[in-house]
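Asker:
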Amino acid sequence: MADTVEKQDIRGLDIDKAVKGFALINYVFKNMVNVSTTSADTVRWYQETAADLTATAPMTVANKAILALPVNLEESWTRNTSTIQEYMAEGTISEMDIKSSDIDVFSRTLLRLTRAVIKQVDTKIYNAISEDQSPVNIGTAAATGTGWDDVSGGNPILDIMAGQQNMAENGYDALGGAVWMNPKNHKDLMNYLITVKGSSIPQFSTEKVKSGVVMNLLGMRVVVNPNVVADSVWLGHPAQALTWKSHTGTTAHIIPNPGLNKKIRVLERGIDQLTDPLASYLITDTDT
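Right, here's the structure in full:
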């Protein structure tokens, strides 16, 4: 006999497929960083030292005498150990709703649960790549003047170009990278471009739905997302700067409670690794 729509095996397959579809569309930062998998609950990784290699006097790299031996320079890394973190949310749907309502009950529950998990993962990625907005290893500088929301005292373009300069000086080509900002700072940027500079609106991207990219500016993709912490704008190469070590991708489970309800549980397990801090730059104090 064929399964009915209420049967757990069909519902389970549909729900897990739907959750993975929601995740693919709604993730922004995770879709832009490097993602690799692990089966371990503790991960060892290495962070590259944020400094150029130099020789110690009297040794030198430049102006070597003919046939002189080269100076030995050694790159260094900091070894880190991180424990996989879990992100989880669940919702309950009554058996009556399951039998009398259409799939929208499940779809809306799935969407809200998935977004709850995704928001926390993307927030974790932003905080990691920006070093919790208190940079130690990544490049950083305060916004010019009094910030982006002061059209007479701020200069968003100069701030972004300063970040590009910092990356270039540390061996990373800023072109093709990304600028992450929250909706307020995007408004401030557009206001500056139009009101102060009299510029036409930059070319808008058709990739917004799946990537969060709204336009291209100074050779970089501008990504607008509310998970960017207020008073900060990040720019760099996310896939070079940070790796998301995925233990369990976004997954859904159904937990039946016969005669009463079914619970839908959405979870993800992983950890962030800021492996290349100099591919990351944070503009602070963007708001007055």
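The sequence shown runs contiguously to residue 551 in the numbering used here.
All C-beta atoms in this analysis are idealised placements derived from N, C-alpha and C, irrespective of residue type, glycine included.
Given the structure is predicted, the values throughout are model-derived calculations rather than measurements.
Are the segment 337-352 and the segment 529-541 touching, with three or more C-beta to C-beta distances below 8 angstroms?
Answerer: yes
Asker: State the Cα-Cα distance for the pair Gly-284 and Thr-551, rounded to the nearest angstrom.
Answerer: For the purposes of this step, residue 284 is identified with residue 21 of the sequence shown, where counting begins at 1. For the purposes of this step, residue 551 is identified with residue 288 of the sequence shown, where counting begins at 1. Spanning the two alpha carbons is a distance of roughly 39 angstroms.
Asker: Whose C-beta lies closer than 6 angstroms to the C-beta of Lys-525 among residues of the same chain, with five residues either side of it excluded?
Answerer: The residue labelled residue 525 in the question sits at position 262 within the sequence shown. Here the set comprises Ile-356, Ile-517 and Pro-519.
Asker: Compute the Euclidean distance between the alpha carbons of Thr-522 and Asn-343, then round it to the nearest angstrom.
Answerer: Residue 522 sits at position 259 when you count from the first residue of the sequence shown. Residue 343 sits at position 80 when you count from the first residue of the sequence shown. According to the sequence displayed, residue 522 carries Gly and not Thr. Asn-343 has its alpha-carbon roughly 49 angstroms from the corresponding atom of Gly-522.
Asker: Let me know the secondary structure DSSP gives Tyr-309 once reduced to three states.
Answerer: Against the sequence shown, residue 309 aligns to sequence position 46. Tyr-309: strand per DSSP, three-state reduction.
Asker: Any idea what DSSP makes of Thr-301, helix, strand or coil?
Answerer: As a first step, residue 301 must be located in the sequence shown, where it is residue number 38. Secondary structure of Thr-301 (DSSP, three-state): coil.
Asker: Which residue from Ile-423, Val-414 and Tyr-309 puts its Cα closest to that of Ala-405?
Answerer: Along the sequence shown, one-based indexing puts residue 405 at 142. Looking at the Cα atoms, Ile-423 is the closest of the given residues.
Asker: Quick one: give me the first and last residue of the alpha helix (DSSP H) that Pro-419 is part of.
Answerer: Within the sequence shown, residue 419 is the residue found at index 156, counting from 1. That run of the alpha helix (DSSP H) goes 419-432.
Asker: Taking the alpha-carbon positions, what's the Ile-457 to Ala-493 distance?
Answerer: Position 194 of the sequence shown, counted from the first residue, corresponds to residue 457. Position 230 of the sequence shown, counted from the first residue, corresponds to residue 493. One C-alpha to the other measures close to 22 angstroms.
Asker: Which whole-angstrom value describes the C-beta separation of Asn-445 and Leu-541, a residue pair presumed to lie in contact below a C-beta threshold of 8 angstroms?
Answerer: Start at 1 with the first residue of the sequence shown, and residue 445 comes out as number 182. Start at 1 with the first residue of the sequence shown, and residue 541 comes out as number 278. Their Cβ separation, rounded to whole angstroms, is 24 angstroms, which puts Asn-445 and Leu-541 out of contact at 8 angstroms.
Asker: Considering only residues of the same chain and omitting the five flanking positions on each side of Trp-497, which have a CB-CB separation below 6 angstroms?
Answerer: On the sequence shown, residue 497 is found 234 positions in, with the first residue counted as 1. Ser-393, Trp-443 and Leu-545, listed in sequence order.
Asker: Classify Pro-446 as helix, strand or coil using the three-state DSSP reduction.
Answerer: Residue numbering aside, residue 446 sits at position 183 when the sequence shown is read from its first letter. Of the three classes helix, strand and coil, the one that applies to Pro-446 here is helix, per DSSP.
Asker: Comparing C-alpha positions only, which one of Thr-506, Ala-441 and Asn-490 sits nearest to Lys-382?
Answerer: Taking the first residue of the sequence shown as position 1, residue 382 is located at position 119. Considering only alpha carbons, the answer is Asn-490.
Asker: State buried or exposed for Pro-419, treating a residue as buried only when at least 16 other CB atoms are found within 10 Å of its CB.
Answerer: As a position in the sequence shown, residue 419 is number 156, starting the count at 1. Buried, because 16 or more other Cβ atoms sit within 10 Å of the Cβ of Pro-419.
Asker: Looking at C-alpha atoms only, which residue of Thr-547, Gly-512, Ser-543 and Thr-549 is the closest neighbour of Ser-302?
Answerer: In the sequence shown, residue 302 corresponds to position 39, counting from 1. Among Thr-547, Gly-512, Ser-543 and Thr-549, the Cα nearest to that of Ser-302 is on Gly-512.
Asker: Exposed or buried, what is Gly-440 when buried is set at 16 or more other beta-carbons lying within 10 Å of its beta-carbon?
Answerer: Here residue 440 refers to the residue found at position 177 of the sequence shown. The residue in question, Gly-440, is buried, as its Cβ has 16 or more Cβ neighbours within 10 Å.
Asker: At the level of alpha carbons, what is the spacing between Val-414 and Val-459?
Answerer: Sequence index remark: in the sequence shown, residue 414 carries index 151 (1-based). Sequence index remark: in the sequence shown, residue 459 carries index 196 (1-based). Straight across, the Cα-Cα distance linking Val-414 with Val-459 is about 7 angstroms.
Asker: In whole angstroms, give me the CA-to-CA distance for Met-478 and Glu-358.
Answerer: Locating residue 478 in the sequence shown gives position 215, where the first residue counts as 1. Locating residue 358 in the sequence shown gives position 95, where the first residue counts as 1. Cα to Cα, the separation comes out at about 46 angstroms.
Asker: Between the alpha carbons of Ile-361 and Asp-367, how many angstroms are there, rounded?
Answerer: Position 98 of the sequence shown, counting from 1, holds the residue named residue 361. Position 104 of the sequence shown, counting from 1, holds the residue named residue 367. Near 10 angstroms, if we compare the C-alpha coordinates of Asp-367 and Ile-361.
Asker: Give the straight-line distance between the Cα atoms of Met-295 and Pro-501, rounded to the nearest whole angstrom.
Answerer: Stepping through the sequence shown from its first residue, residue 295 is reached at position 32. Stepping through the sequence shown from its first residue, residue 501 is reached at position 238. Their backbone Cα atoms lie some 6 angstroms apart in a straight line.
Asker: Distance check for Thr-549 and Gly-416, CA to CA, integer angstroms please.
Answerer: Walking along the sequence shown from the start, residue 416 turns up at place 153. Walking along the sequence shown from the start, residue 549 turns up at place 286. If you draw a straight line from the Cα of Gly-416 to the Cα of Thr-549, it comes to about 11 angstroms.
Asker: Exposed or buried, what is Trp-411 when buried is set at 16 or more other beta-carbons lying within 10 Å of its beta-carbon?
Answerer: Indexing the sequence shown from 1 puts residue 411 at position 148. With 16 or more Cβ atoms within 10 Å of its Cβ, Trp-411 is classed as buried.
Asker: Using the DSSP secondary-structure output, state which residues sit across from Glu-353 in a beta bridge.
Answerer: The count along the sequence shown starts at 1 and reaches residue 353 at position 90. In the DSSP output, where bridge partners are listed per residue, Glu-353 has Arg-528.
Asker: Tell me whether Thr-300 is buried or exposed, calling it buried when 16 or more other Cβ atoms sit within 10 Å of its Cβ.
Answerer: For the purposes of this step, residue 300 is identified with residue 37 of the sequence shown, where counting begins at 1. When all chains shown are included, Thr-300 counts as exposed.
Asker: Mapping the DSSP letters down to three states, classify Ala-489 as helix, strand or coil.
Answerer: Position 226 of the sequence shown, counted from the first residue, corresponds to residue 489. Just to set this straight, residue 489 is Pro in the shown sequence, not Ala. It is coil, neither helix nor strand.
Asker: In the DSSP assignment, find the unbroken alpha helix (DSSP H) run with Asn-390 in it and report its ends.
Answerer: Locating residue 390 in the sequence shown gives position 127, counting from the first residue. Unbroken alpha helix (DSSP H) run through Asn-390: 367-392.
Asker: Can you tell me whether DSSP reads Leu-523 as helix, strand or coil?
Answerer: Here residue 523 is taken as the residue at index 260 of the sequence shown, counted from 1. Note: Leu-523 maps to coil in three-state DSSP.
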